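Undergrad: The structure follows.
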Amino acid sequence: MANEQDRLEKERQRTEEEIARLRSYLETELERSTGEDDDAVDTAADIYEREKTLALIRTLEDKLASIEHALHSSITGRYGICERCGTEIEPGRLEIMPHATLCVRCQAETERRVRRTRVAADE
Ligand SMILES: [Zn+2]
-17 MANEQDRLEK ERQRTEEEIA RLRSYLETEL ERSTGEDDDA VDTAADIYER EKTLALIRTL
43 EDKLASIEHA LHSSITGRYG ICERCGTEIE PGRLEIMPHA TLCVRCQAET ERRVRRTRVA
103 ADE
């Protein structure tokens, strides 16, 4: 258990650092684009770059939430157990994704549902 918490803590730290790095990059970019006079017009490439960074930050924030969730599970002794169907999550999956709280099957089902919801929300 302690081993898992250790891994999750490290993963959380890495993710937080990555988010901080991307945020400061984004701030620098925004300052640069508003700081210049004549060249202040953003190119499509600039905007695309920023959108991409923002999307990445959002993904990492989701991941951070999952890590914290998994940390909580490991403290309560539920780590490695699928929250949806209660079966053990494959060890190989936890190896790659220590913050996983769902088994592969439930994860796939949840993602399908989330995608449907997001598509519906965009319309
Ligand atoms: Zn499951």
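Once you know that position 72 of the sequence shown is 54 in my numbering, the rest is easy, because the numbers rise by one and skip nothing. Note that beta-carbon positions come from the ideal geometry of N, C-alpha and C, so glycine has one too. Since the structure is predicted, the reported quantities are computational estimates derived from the model, not experimental observations.
Could you tell me whether any non-hydrogen atom of ligand 1 is closer than 7 Å to the CB of T99?
TA: No, the Cβ of T99 stays beyond 7 Å of every heavy atom of ligand 1.
Undergrad: Less than 8 Å between the C-beta atoms of E70 and T83, yes or no?
TA: No, these two residues do not count as a Cβ contact at 8 Å.
Undergrad: Suppose the cutoff is 8 Å on Cβ atoms and the five residues either side in sequence are ignored; what does the same chain contact list for I1 look like?
TA: Result list for I1: I39, L42, E43 and L46, in chain order.
Undergrad: To the nearest angstrom, how far is the alpha carbon of G68 from that of C85?
TA: About 9 Å.
Undergrad: Apart from the five residues on each side of it in sequence, which residues of its chain come closer than 7 Å, Cβ to Cβ, to T35?
TA: Taken in chain order, the residues that qualify are L4, Y7 and L8.
Undergrad: Just to confirm, is the Cβ distance from E(-14) to P80 under 8 Å?
TA: It is a contact, given that the beta carbons lie within the stated cut-off.
Undergrad: What are the start and end residues of the alpha helix (DSSP H) that includes L76?
TA: Counting along the chain, the alpha helix (DSSP H) containing L76 begins and ends at P73 to I78.
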